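S.K.:
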């Protein structure tokens, strides 16, 4: 991502987080006052949850500032992953808030307190619900727009708060009409929902830190950009490494004619790197080369026959990088093996046996590939 675009993104995240802080401080104050006056544990828990939202917004700002630091000698790929750490901390806060709320709710179930509602308190809770729906929708949409997991998590949490507040309002109406005190039990249900939300967010953030498969749309865009060059006969083995939201570098292999000179290949790979960065915002640190003989009808027939045979082998997704060398009597190819294969070496051995059976005068050289991106 270009520095100017990144700077604009950071400003949007910080501005949105400040709006969230101001809104949640106001809501926390209102709810805390109403909860204390009415004796409603559910409303008090809502206020506590709003306070945790303030902390989440502050952490989002800190994480964004850290992620925006320029690369240095110790961190040559930048500090973009700090945003994932901030999202993880926010998820932890939500989980902690849920556990704390559950403990308080259980205490109230054991030692119940009868709440006292009035029309003013219910109106305030109703207004808080509307504010939370607006705030949550705004924050979540902004997070999706700028690809900020911290903002998306904060937006989801706000929308969850709106649902929780709505449940509190329903419980208050039930108490006023039928005199059934459900606040403590409702607080327990609320707590479990918050805990589940926190666990889900932690799981998703850890998955991103470990490294997830890149979205299919981005993969298709990159490969389409590369395949648009007339000298390229195919693009394979796209590997992208993520160093923060919208921050990728990686490598790709291309098939080109074995008639191209080193100078022509150098010019081509540099052009590909520039075009991919311009159109996709991705830094390609390497462009590998597969040589092909497009005018060799014998090799084309062999490729067709081998593909038909090899792709029938279980767990073989694709073959590429095919080259027939009559000088040393070898057949070279790469095979993409499914993650479902329990023994990848056995699959490669089966491919070699199949090729050797079809063309015994050649030695098969089969190299296993991992399905890093949708092939």
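Numbering (our numbering), first residue to last: 347 to 721. For glycine and all other residues, C-beta sits at the position ideal for the given N, C-alpha and C. A quick note: this is a predicted structure, and the numbers were derived from the prediction, not measured.
Would you mind working out which of 583, 661, 531 sits nearest residue 633, comparing C-alpha positions?
M.R.: The residue with the shortest Cα to Cα distance from residue 633 is 583.
S.K.: In three-state terms, what does DSSP make of residue 459?
M.R.: Residue 459 falls in the coil class under three-state DSSP.
S.K.: Can you give me the start and stop residues for the alpha helix (DSSP H) that residue 565 sits inside?
M.R.: Residue 565 -> alpha helix (DSSP H) spans 562-573.
S.K.: So what does residue 678 bridge to, in DSSP terms?
M.R.: Residue 678 is bridged to 669, 711.
S.K.: Helix, strand or coil for residue 544? Go by DSSP, reduced to three states.
M.R.: DSSP places residue 544 in helix when its eight states are reduced to three.
S.K.: Helix, strand or coil: how does DSSP classify residue 631 here?
M.R.: Residue state, collapsed to three classes: strand.
S.K.: Would you call the stretch 368-378 in contact with the stretch 390-409, where contact means no fewer than 3 C-beta pairs closer than 8 Å?
M.R.: They touch, by the three-pair rule.
S.K.: Compare the Cα-Cα distances from residue 604 to each of 574, 586, 635 and report the closest residue.
M.R.: The shortest C-alpha separation from residue 604 is found at 635.
S.K.: What are the partner residues of residue 716, as DSSP defines its beta bridges?
M.R.: For residue 716, which the question treats as bridged, DSSP gives the partners 683.
S.K.: Might you give, ordered along the chain, the residues of its own chain that have their beta carbon closer than 8 Å to the beta carbon of residue 741, omitting 5 neighbours on each side?
M.R.: No answer is possible for residue 741: it lies beyond the span of the chain, which begins at 347 and ends at 721.
S.K.: Please name the residue in 596, 599, 705 whose C-alpha comes closest to that of residue 649.
M.R.: Nearest of 596, 599, 705 to residue 649, Cα basis: 705.
S.K.: Apart from the five residues just before and just after residue 714, which ones in its own chain have a Cβ nearer than 7 Å to its Cβ?
M.R.: Only 681, 683, 690, 694 meet the Cβ criterion.
S.K.: Look up residue 444 in the DSSP assignment and say whether it is helix, strand or coil.
M.R.: Of the three classes helix, strand and coil, the one that applies to residue 444 here is helix, per DSSP.
S.K.: Under the three-state reduction of DSSP, which class applies to residue 589: helix, strand or coil?
M.R.: If DSSP states are grouped into helix, strand and coil, residue 589 belongs with coil.
S.K.: Since residue 428 contacts residue 412 with CB under 8 Å, what's their CB separation in whole angstroms?
M.R.: Confirmed, about 4 Å.
S.K.: Would you say residue 715 touches the ligand GDP, meaning its beta carbon is less than 7 Å from a heavy atom?
M.R.: As presented, the structure is devoid of all ligands, the ligand GDP included, so that no description of it is given.
S.K.: Which value, in whole angstroms, describes the spacing of the CA atoms of residue 559 and residue 528?
M.R.: Approximately 45 Å, taken between the alpha carbons.
S.K.: Measure the C-alpha to C-alpha separation of residue 623 and residue 654 and round it to an integer number of angstroms.
M.R.: Those two C-alpha atoms are separated by around 36 Å.
S.K.: In the stretch 642-667, which residue ranges form an unbroken alpha helix (DSSP H) of at least 4 residues, counting only runs that do not cross its ends?
M.R.: List check, alpha helix (DSSP H) in window: 643-656.
S.K.: Going by DSSP in three states, residue 624 sits in which element: helix, strand or coil?
M.R.: Helix at residue 624.
S.K.: Which same chain residues end up closer than 7 Å to residue 359 when comparing Cβ atoms and leaving out the 5 residues on each side of it in sequence?
M.R.: Contacts found: 406, 410, 492, 494, 497.
S.K.: Tell me whether residue 675 is buried or exposed, calling it buried when 16 or more other Cβ atoms sit within 10 Å of its Cβ.
M.R.: Label assigned to residue 675: exposed.
S.K.: Quick test of your reading: residue 448 and residue 506, contact by CB under 8 Å. State the CB separation rounded to the nearest angstrom.
M.R.: 15 Å between Cβ atoms; not a contact.
S.K.: Whether or not the stretch 609-629 and the stretch 578-597 are in contact is what I'm after, with contact meaning three or more pairs of Cβ atoms, one per stretch, closer than 8 Å; do they touch?
M.R.: They touch, by the three-pair rule.
S.K.: Decide if residue 628 is buried, meaning its Cβ has at least 16 other Cβ atoms within 10 Å, or exposed.
M.R.: Per the 10 Å Cβ criterion, buried.
S.K.: Could you check what DSSP says for residue 703 in three-state terms: helix, strand or coil?
M.R.: Helix at residue 703.
S.K.: Under three-state DSSP, which class holds residue 354?
M.R.: DSSP places residue 354 in helix when its eight states are reduced to three.
S.K.: Cutting at 6 Å between CB atoms, please list the residues of its own chain near residue 614, excluding the five before and the five after it.
M.R.: The residues are 577.
S.K.: Helix, strand or coil for residue 596, going by three-state DSSP, please let me know.
M.R.: Correct three-state label for residue 596: strand.
S.K.: Does any residue of chain B have a CB that is nearer than 8 Å to the CB of residue 434?
M.R.: No chain B is present in this structure, which holds just one protein chain.
S.K.: What residues in its chain sit with their C-beta under 7 Å from that of residue 567, if we drop five residues either side in the sequence?
M.R.: Excluding sequence neighbours, residue 567 sits near 626.
S.K.: Per DSSP, which residues does residue 601 bridge with? Please list them.
M.R.: Paired residue(s): 580, 636.
S.K.: Which whole-angstrom value describes the C-beta separation of residue 588 and residue 547, a residue pair presumed to lie in contact below a C-beta threshold of 8 Å?
M.R.: Rounded, the Cβ-Cβ distance is 18 Å, inconsistent with contact.
S.K.: If I measure Cβ to Cβ from residue 367 and keep anything under 6 Å in the same chain, skipping five residues before and after, which residues do I get?
M.R.: Same-chain partners within the cutoff: 400, 403.
S.K.: Rounded to whole angstroms, what's the CA-CA distance from residue 364 to residue 481? Just pull it up for me.
M.R.: Each residue's alpha carbon lies about 12 Å from the other.
S.K.: Please state whether DSSP places residue 366 in a helix, a strand or coil.
M.R.: If DSSP states are grouped into helix, strand and coil, residue 366 belongs with the helices.
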